Structures are given as C-alpha cells and as structure tokens.
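Data first, discussion second: the structure below is written as structure tokens.
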Amino acid sequence: MENNGIPQNLIDRINELAKKKKTLGLTAEEKEEQKSLRETYLTMFRENFRSHVEMLQVFDKTGKEVTPQKVRDVQREKGLRDD
C-alpha cells in the first residue's frame, strides 16, 4: 500500500526507528539506515509534490485562468497543455 506515492513499508520503518530512538536508542547501523530512509522519503515526497503542482490550474473568481507562467511552461513541456 502506498501513501501519496510513498510505500507504506518505508513509512512504517521510519516510524519504527523513530520510536526505538526515543525508547532504547539506535545503533550506528540503525542511525545510518534512518538517515538513508529519511533521504529516500524526502526525495519521493518532493517528486510527488512537484508532480501535483505541475498538474494544477489556478482560476480567479471570474473563471479566468491565472496559473503562473512557470507552471504553464512546465505543463507544455510535459504535453499536459494544448495552448
């Protein structure tokens, strides 16, 4: 099962190590694993967030599209816009 594109087993292991750190402490290997897992999580989170932002279209109250030009350019590059 995935949580917003992040595998649940990755989240579970991060949480498991965090809990152990608070109670028993971590070995050097576990500290290194925790660091690596957090970096992986952040990389995946950023990719997922970027993907969501690239899919957004923003409209004002009158219905006029006001999506930032930078986002529109990225959408065009990825073939997500026809205009």
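Position one of the sequence shown corresponds to residue 1 (the UniProt record's numbering), numbered consecutively onward.
The beta carbon of each residue, even a glycine, is placed where N, CA and C say it ideally should be.
These numbers were taken from a predicted model, which means no experiment stands behind them.
Check, Outcome
"Member of M55, P68, R13, Q69 whose CA lies at the smallest distance from the CA of T40", "R13"
"Continuous alpha helix (DSSP H) stretch holding K19: start and end", "8-23"
"Contact between the region 50-65 and the region 73-83 (3+ Cβ pairs under 8 Å)", "yes"
"Rounded separation between K19 and R38 - CA only", "14 Å"
"Nearest-angstrom Cα separation, counted from L24 out to D82", "56 Å"
"Cβ-Cβ distance between L26 and L17 below 8 Å", "yes"
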